[in-house]
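Colleague: Pasting a structure here, questions to come.
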Amino acid sequence: MPIKPLTCFITTRDGDELNFNWYRDNHSRVVILVHGLGGNNQRPYILGMARALLSAGWDVVAMNCRGMGGIMNKKSRIYHGGSTDDLEDVIQHIQDQDIYQEIAPVGFSVGGNIILLYLGKDANTVSHLIKKALCFSVPCDLKHSALELARPRNKVFMKYFLRDFKTLMEQKAAAFPDQISVAGFEEIVNFQEFDNRYTAPLHGFKDAEDYWYQSSCKQYLKNVRIKTLIVMAQDDTFMPKQCYPIKESEQNKYLTLVTPRHGGHVGFVAFNPQNHYWSEKTAIQYLND
């Protein structure tokens, strides 16, 4: 990375703590990167995108969603697919610095769902500095994505996610033993069981179904009033057809859906002289157009 980031901590509206890396190169525009499920701001796809956009005239804020990145937050809650409040707090903090003319949120996987939910759920509250948004590999329908991940062909990915979340919940259980227990965690085999046991009760949802319904961005895409590009590969093994917002993009002039044949889940690799991923080249072209 050509520029060393400043690691920033902010207090959230509910008195918790969030952190992000801020790459500043005196540009007048800034991108806010939101990572995917179980990720953090040190994942290669985040660092690569940050490097590419810095070289293209953007400062970069790379979020760690609540509780991620190896820095435990203060409250029992973690982040989830509907955590728009944390994104709003970061956007507000950056906006309050009064140094940028434009803010562009760029999200990956669940991070993309959070961005689209923010843009669509209450379009009147979206920051006036946001002119464009870009999201990759978005589970626009959280229920059907969770059910897809529960299928046998995705067993290895499900084990990977649950392994990381077990570590997170063990830390939470140690800090909040009256609220959280990891006894019997190894019996959890899919997100419905995880969300019923942890996500829903920790965040005020009735159950997994209620969480999925309230937090899925797809139902709100009709309200988006920011020019937004959604990129979803046709061979994304995490995404059944219900996750692709085909009708929604056709009916909303602010939405553009691109579905390349290949790319998997947050893949989009292509060889080029700049050593940029295809996703990075797409971001540069789209945001700088």
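Under UniProt numbering, the first residue of the sequence shown carries the number 1, and numbering increases by one thereafter. Each residue gets a CB set at the ideal place from its N, CA and C atoms; glycine is no exception.
Quick check on the DSSP output: the beta strand (DSSP E) that includes residue 156 runs from which residue to which?
Modeller: Taking the sequence shown and counting its residues from 1, one reaches residue 156 at position 156. First-last for residue 156: 155-175, but that is the alpha helix (DSSP H), not the beta strand (DSSP E).
Colleague: Check whether the segment 87-107 and the segment 142-155 touch, using three or more Cβ-Cβ pairs below 8 Å as the test.
Modeller: The segment 87-107, when compared against the segment 142-155, does not touch it at the 8 Å Cβ threshold.
Colleague: From the DSSP output, read off the bridge partner residues of residue 107.
Modeller: For the purposes of this step, residue 107 is taken as the residue at position 107 of the sequence shown. Note: residue 107 sits in a beta bridge opposite 34, 135.
Colleague: Considering only DSSP beta bridges, list what residue 78 is partnered with.
Modeller: As a first step, residue 78 is located in the sequence shown; it is residue number 78 there, counting from the start. For residue 78, which the question treats as bridged, DSSP gives no partner whatsoever.
Colleague: Taking Cβ positions, are residue 226 and residue 134 nearer each other than 8 Å?
Modeller: As a position in the sequence shown, residue 226 is number 226, starting the count at 1. As a position in the sequence shown, residue 134 is number 134, starting the count at 1. No, these two residues do not count as a Cβ contact at 8 Å.
Colleague: Is the beta carbon of residue 248 closer than 8 Å to that of residue 221?
Modeller: Along the sequence shown, one-based indexing puts residue 221 at 221. Along the sequence shown, one-based indexing puts residue 248 at 248. Yes, the Cβ-Cβ distance between residue 221 and residue 248 is below 8 Å.
Colleague: Under the DSSP definition of a beta bridge, which residues are partnered with residue 8?
Modeller: Residue numbering aside, residue 8 sits at position 8 when the sequence shown is read from its first letter. In the DSSP output, where bridge partners are listed per residue, residue 8 has 20.
Colleague: Taking contact to mean 3 or more Cβ pairs, one atom from each stretch, closer than 8 Å, check whether the segment 46-55 and the segment 80-92 are in contact.
Modeller: The segment 46-55 is not in contact with the segment 80-92.
Colleague: In chain order, what residues of the same chain lie with their CB nearer than 7 Å to the CB of residue 22, ignoring the 5 residues before and after it?
Modeller: Against the sequence shown, residue 22 aligns to sequence position 22. Closer than 7 Å at the Cβ level, and outside the excluded window around residue 22, lie 5, 6, 8, 61.
Colleague: Could you compute how far the alpha carbon of residue 110 sits from the alpha carbon of residue 24?
Modeller: Along the sequence shown, read from residue 1 onward, the residue named residue 110 stands at position 110. Along the sequence shown, read from residue 1 onward, the residue named residue 24 stands at position 24. Approximately 26 Å between the Cα atoms of the pair.
Colleague: Between residue 146 and residue 97, how many whole angstroms is the CB-CB distance? I'm expecting something under 8 Å.
Modeller: If you number the sequence shown from 1, residue 146 lands on position 146. If you number the sequence shown from 1, residue 97 lands on position 97. At roughly 37 Å, the Cβ-Cβ gap does not stay under 8 Å, so residue 146 and residue 97 are not in contact.
Colleague: Rounded to whole angstroms, what is the Cα-Cα separation between residue 71 and residue 91?
Modeller: Here residue 71 refers to the residue found at position 71 when the sequence shown is read from its first residue. Here residue 91 refers to the residue found at position 91 when the sequence shown is read from its first residue. Cα-Cα distance, rounded: 20 Å.
Colleague: For residue 190, which residues in the same chain have their Cβ closer than 6 Å to its Cβ, ignoring the five residues on either side in sequence?
Modeller: One-based indexing of the sequence shown puts residue 190 at position 190. So the qualifying residues of the chain are 150.
Colleague: Leaving out five residues on either side along the sequence, give the residues of the same chain with a beta carbon under 6 Å from the beta carbon of residue 31.
Modeller: Residue 31 sits at position 31 when you count from the first residue of the sequence shown. Result list for residue 31: 53, 58, 60, 104, 106, in chain order.
Colleague: Please report the distance separating the alpha-carbon of residue 231 from that of residue 258.
Modeller: Numbered from 1 along the sequence shown, position 231 holds the residue referred to as residue 231. Numbered from 1 along the sequence shown, position 258 holds the residue referred to as residue 258. Straight-line Cα distance between these residues: approximately 5 Å.
Colleague: Kindly indicate which three-state DSSP category residue 207 falls into: helix, strand or coil?
Modeller: Here the question's residue 207 lines up with position 207 in the sequence shown. The answer is coil: DSSP assigns residue 207 none of H, G, I, E or B.
Colleague: Please return the same chain residues whose Cβ sits closer than 6 Å to the Cβ of residue 260, not counting the five positions on each side in sequence.
Modeller: Locating residue 260 in the sequence shown gives position 260, counting from the first residue. Once the five neighbours on either side are set aside, the close Cβ partners of residue 260 are 233.
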